[in-house]
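**Q**
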Amino acid sequence: MDAFKSLINYVSNPTILFTAVLVGFPFVFPPTNWFYKVHKKLGIDKLWTKKGLIIMVAITVAFFIFGLGDDNFKKIVLKPDNVPISGLIILLIFFTWLSLSQAYKNDKLIDEGKPVDEYYEAPNDKVLVWPDLVYVELISLILFSAFMLIWSIGLPAPLEEPANPSESPNPAKAPWYFLGLQEMLVYFDPWYAGVVLPTFIIIGLMAIPYIDTDPNGSGYYSYKNRMLSLSIYLFGWLVLWNVLIVIGTFLRGPNWGFFGPFEYWDSHRLEALTNVNLSEIIYIKWLNMGLPSNILLREAPGLLIMFLTFAVTPPLLARTALKSFYERLGSTRYTIFVVLMIFGVLLPVKMYLRWFFNLKYIISMPEFFFNF
Amino acid sequence: MSDKKNIFERIAEGQIWKSIFRGGGAPKSRRQRMMVVLNSVFLHLHPVRLPKHAVKLKFTWCMGGLSFFIFLILTISGILLMFYYRPTIEYAYTDIMDLTEQVPFGIMREIHRWGAHAMVIAVWLHMFRVFMTGSYKPPREFNWSVGVILLVLTLLLSFTGYLLPWDQLAIWAIAVGSNMAGATPFLGAEGPGSSLLAIGDINFITKASDARFGLIGGRFLGEATLLRFYVLHCIGLPFIIMIFMAVHFWRIRKDGGISTPV
Amino acid sequence: MPEDKKKTSTISPKTPPPAALNKVEKENEVNRRTFFSWLSLGWVAFVAATGGFFTMMLRFFFPNVLFEPVQTFRAGYPDDYTVGEVDLRWKEKYGVWMVRNDEGIYVLSTVCTHLGCTPNWQPSAKKFKCPCHGSGFRMTGIHFEGPAPRPLERFKISLADDGQIIVDKTQKYQQEKGQWNDPESFLKV
Ligand code: HEM
Ligand code: FES
């Protein structure tokens, strides 16, 4: 038991957990034909059958039930504001399954040259709103209201000590739906993680229909013909958003340290967090000289890297790996797409740089509050 | 058939009923059923007929409808809470306590709080569904963007409401959140580039004039912050979200109803 | 074409004769040209009015007078503070730590430079540790661990005529800007 617990504690360390998710992701949600073939060969598509659902839900529920036997786990999971997130985990599994099982069914139908499941031949393709839709709505509303009532009676809303501006709780967390962003605060400065990044997320979401211009695949679930866009979206939504929320909620403890699900939240645990900037690594460690006093010279390496990333990479890719993309999308769409993707990729990159090199900032200009 | 009518039929054919529900009578024929929808301002949100797959739960998951329904629950329970809650530092916390302890049906606060969580989840799942069915593709691109704005507004509503109990959970979540506004590039006193917006020694972006100040109404979290968040939460944001919802629903109809395979 | 002609030839008495029609058309042409300049003027006016309105609305959120706690206070005599210790007595009320070392006294802000939580002074480890995201600051206020991007801020400190310390929180000194060398950021004792 204890060995199992410490194993879980160990693998839920972000370095391992996140790497595992990152490596496993393209095989579960393949972005290209090659991954799709491996995905089929390994039989991962069986996840989207009824048996797959039962197994996934059973494992999750069993884990929670097992976990509730542990005091530390129980304390975190049963915190009133965290209960919805446990629910969210189950809902995510279910709805991911629901959409993908239908998508795979339709993929098969399309392969066989048959119309998709959602298709009905005219004139029998329509039903009347009254009574067919209003009844569905009515029943959903009644069931949902009953559910809300039970939830509200069973779980009191939290109210902590009165506000005290000179005493921060440890840890202090944002509302749970922002914990993915708060996780980013560990790796980026507030101006980026709290302002620029959310802005890009909003812009990026709004831009989706204008970048993915393939008109096919609307109005029914499907996977194979929309592989790339689905894989990218699912990565952003499931991994960069929801996995980070789960980490932020359940695995971040006092002093924003990382704690396994069965670990005691010890606020005195010591953690060496001494991080260094890129300029310090280059000038002090590698070149063995002091930091130049000129800010631009000091930050030249970081600025150069950023310049290469944003000004050189997109045109380079347009000529090489993403050539067909460039030709299909045209230069404006292509540029917006690639720049947004680079911003997305920078998140995991910076996380790994921090974990492995203790890198604090690529560019560090505290004089102008500009750290990246 | 006997010509004796039962009480329901008599009511349904009486003058009062007919004056309220145009046409009257139980909608039995196809024509009557269509007229029911057309004749009601509420049901008229719907089309008269819709594709067969669209009424199946496994297609829409009912998540858009549920988001809207939860919004209605939140509106009603929120209005009820406003009868007892006073947005001042002196009273806010104790009023919230009284809401659970002194007010009959002391679960109104729970309904409102858990409803808020449920709405965030429902909106996320709705967006997930819309992506998975490719329903953002032409001609629904714009409605997808309207949806993204609805998502942002939903999160902002939740965020502004989080402060109102004025407990430790509330102020520190808001402290952390609003300090991020202070780091806005150019417009935050601690954001990159703000020191460039200056003439000589005079800074235009200071703690008393930056984005964070605009949000919390002071240099510190305090009375002004509570009032600002209260007004935004109870009036400002609901007003804006309702406008966007109206556009959202209107566009669903205008874009040809729920998306359908061709 | 022939049909058109037919129409003009069968004009009813009420519609204007063809000559008048021509005239209207000409006037229209002139009108169209002037119309465009009127249009642009109209647009400029519209944009200016809307812009002005929104500026007003924005400005509305920045009041001229703030009702916030006083920012200047008297903090007792220098001898009230022990050398080598962080003094917590004004933390609650004014949000500052008073630190006295061998050379004198300085005033540190209790606001974490990361996102504004209040760090705790840990005497055993001789550091300020922020509970929110784990930033650590030394007794001087210099950051050395966690996500905080810069050191804690210091406030203006001076002596009144009666020998009492006066702390002025409206004046702050940031180390990364080299302001800690400012004589007013430090009270020599
Ligand atoms: C307050 C939040 C929202 C409410 C109340 C709402 C409500 C609805 C409703 C009732 C529908 C009808 C179909 C269904 O139930 O699935 C719908 C459809 C749609 N929604 Fe939303 N929605 C919200 C947020 C969003 C978001 C966040 C997005 C995407 C970013 C979005 C994009 C769409 C699109 C594209 C459709 C058309 C779907 C189709 O034709 O299949 N909505 N919405
Ligand atoms: S607020 Fe102090 S570390 Fe984030």
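Protein chains in written order, with this note's numbering: chain A, 43 to 414; chain B, 525 to 786; chain C, 4 to 192. By construction, the Cβ of each residue, glycine as well, lies at the ideal position given by its N, Cα and C atoms. Owing to the predicted nature of the structure, the values given are computational and were not obtained by experimental measurement.
Within the continuous beta strand (DSSP E) that includes B/Gln692, where are the two ends?
**A** First-last for B/Gln692: 692 to 705, but that is the alpha helix (DSSP H), not the beta strand (DSSP E).
**Q** Note down, in chain order, all residues in the stretch 144 to 163 of chain C with a beta-carbon under 8 Å from any beta-carbon belonging to chain A.
**A** Listed by position along the chain: Phe147, Glu148, Gly149, Pro150, Pro152, Arg153.
**Q** Taking the beta carbon of C/Ser15 as the centre, do at least 16 other beta carbons fall within 10 Å, making it buried, or is it exposed?
**A** Its pLDDT being 49, under 50, C/Ser15 is placed unreliably in this model, and the coordinates cannot settle the point.
**Q** Any residue with its C-beta under 5 Å from a non-hydrogen atom of ligand 2 counts. Can you list them all in chain order?
**A** The set, ordered by position in the chain, is C/Cys115, C/His117, C/Leu118, C/Cys120, C/Cys133, C/Cys135, C/His136, C/Ser138.
**Q** Taking the alpha-carbon positions, what's the B/Gly760 to B/Pro628 distance?
**A** Approximately 29 Å between the Cα atoms of the pair.
**Q** Can you pull the chain C neighbours of A/Leu332, defined as C-beta to C-beta under 7 Å?
**A** Before going further, note that residue 332 of chain A is Gly rather than Leu in the sequence given. Result: empty, since nearest Cβ-Cβ is about 17 Å, beyond 7 Å.
**Q** Name, going along the chain, the residues of the stretch 218 to 238 of chain A whose beta-carbon falls closer than 9 Å to a beta-carbon of chain B.
**A** Listed in sequence order: Trp218, Tyr219, Phe220, Leu223, Gln224, Leu227, Asp231, Pro232, Trp233, Tyr234, Ala235, Gly236, Val237, Val238.
**Q** Between B/Glu625 and chain A, is there a C-beta pair that is closer than 8 Å?
**A** With 8 Å as the cut-off, B/Glu625 does not count as an interface residue toward chain A.
**Q** Let me see if you follow: with CB-CB separation under 8 Å, is C/Pro134 close to chain A or not?
**A** True, the Cβ-Cβ gap to chain A drops below 8 Å.
**Q** Indicate whether B/Ile695 and A/Pro207 have their beta-carbon atoms separated by less than 8 Å.
**A** Cβ atoms of B/Ile695 and A/Pro207: closer than 8 Å.
**Q** Please name the residues in the stretch 169 to 184 of chain C whose beta-carbon is closer than 8 Å to at least one beta-carbon of chain A, in chain order.
**A** Correct list: Glu179, Lys180.
**Q** Is any heavy atom in ligand 1 found nearer than 7 Å to the beta carbon of B/Met769?
**A** Indeed, a heavy atom of ligand 1 lies less than 7 Å from the Cβ.
**Q** Give the residues from the stretch 267 to 279 of chain A that approach chain B closer than 8 Å (Cβ to any Cβ), ordered along the chain.
**A** The residues in question are Arg268, Leu272, Tyr275, Trp279.
**Q** Just the C-alpha distance for B/Ser783 and A/Pro356, rounded to the nearest angstrom, thanks.
**A** C-alpha separation (whole angstroms): 34 Å.
**Q** If you draw a straight line from the C-alpha of A/Asp174 to the C-alpha of B/Arg554, how long is it?
**A** Approximately 12 Å, taken between the alpha carbons.
**Q** In chain order, which continuous runs of the beta strand (DSSP E) of length 3 or greater are located wholly inside the stretch 275 to 348 of chain A?
**A** Entirely contained in the stretch 275 to 348 of chain A, not one beta strand (DSSP E) run reaches 3 residues.
**Q** Taking 8 Å as the CB-CB cut-off, is B/Glu747 touching chain A?
**A** Answer no: the Cβ-Cβ gap between B/Glu747 and chain A never drops below 8 Å.
**Q** What do you reckon, is the C-beta of B/Arg554 under 7 Å from a heavy atom of ligand 1?
**A** Result no, Cβ not under 7 Å from ligand 1.
**Q** Output, in chain order, the set of chain C residues within a Cβ distance shorter than 7 Å of A/Thr316.
**A** Chain C residues near A/Thr316: Phe147, Glu148.
**Q** Take every Cβ of the stretch 673 to 685 of chain B, pair it with every Cβ of the stretch 160 to 175 of chain A, and state whether three or more of those distances are shorter than 8 Å.
**A** With the cut-off at 8 Å, the stretch 673 to 685 of chain B and the stretch 160 to 175 of chain A do not touch.
**Q** Looking only at its chain, what residues have a beta carbon closer than 7 Å to the beta carbon of A/Val288, apart from the 5 residues adjacent to it on each side?
**A** Result list for A/Val288: Ile127, Ile131, in chain order.
**Q** Is A/Asn284 near ligand 1, with its Cβ less than 7 Å from a heavy atom?
**A** Incorrect: A/Asn284 has no Cβ contact closer than 7 Å to ligand 1.
**Q** Report yes if the C-beta of B/Val654 is less than 7 Å from at least one heavy atom of ligand 1; otherwise report no.
**A** Under cutoff, so the answer is yes.
**Q** Verify whether the separation of the beta carbon atoms of B/Ala640 and B/Leu598 is less than 8 Å.
**A** Cβ distance < 8 Å, so B/Ala640 and B/Leu598 count as in contact.
**Q** Under the assumption that C/Pro122 contacts C/Cys115 (Cβ atoms under 8 Å), give the Cβ distance between them as a whole number of angstroms.
**A** Going by Cβ atoms, the distance from C/Pro122 to C/Cys115 rounds to 5 Å, so yes, they are a contact pair.
**Q** Ends of the beta strand (DSSP E) at B/Ser659?
**A** Where B/Ser659 is concerned, there is no enclosing beta strand (DSSP E), given that its DSSP letter is neither H nor E.
**Q** Under a three-way DSSP split, which group does C/Lys172 fall into?
**A** Reduced to three states, the DSSP call for C/Lys172 is strand.
**Q** Hey, could you find the ends of the beta strand (DSSP E) C/Ser161 is sitting in?
**A** Per DSSP, C/Ser161 belongs to the beta strand (DSSP E) from 157 to 162.
**Q** Would you mind telling me which residues of chain B sit closer than 7 Å to C/Leu91, beta carbon to beta carbon, in chain order?
**A** Here the premise fails: no neighbours, minimum Cβ distance about 19 Å.
**Q** When DSSP labels each residue in this structure, what does C/Arg103 get in the three-state scheme?
**A** It is a strand residue.
**Q** Any beta carbon from chain C within less than 8 Å of A/Ala353's own beta carbon?
**A** A/Ala353 does not count as touching chain C.
**Q** Sorted by chain position, which residues of the same chain lie with C-beta nearer than 8 Å to A/Thr377's C-beta, five sequence neighbours on each side aside?
**A** Correct list, in chain order: Pro356.
**Q** What are the residues of the stretch 194 to 210 of chain A that lie near chain B, defined by any Cβ-Cβ distance shorter than 8 Å?
**A** Residues passing the 8 Å Cβ filter: Ser194, Ile195, Leu197, Pro198, Ala199, Pro200, Leu201, Glu202, Glu203, Pro204, Ala205, Asn206, Pro207, Glu209, Ser210.
**Q** For the stretch 252 to 263 of chain A, which residues have a beta carbon sitting closer than 7 Å to at least one beta carbon of chain B?
**A** Flagged, chain order: Tyr252, Pro257, Gly259, Ser260, Gly261, Tyr262, Tyr263.
**Q** Should B/Phe728 be flagged as near chain C, meaning a C-beta pair shorter than 8 Å?
**A** So no, B/Phe728 is outside the interface.
**Q** Along the alpha helix (DSSP H) that carries C/Gly87, what are the first and last residues, could you check?
**A** Counting along the chain, C/Gly87 falls outside any alpha helix (DSSP H), and DSSP gives it neither H nor E.
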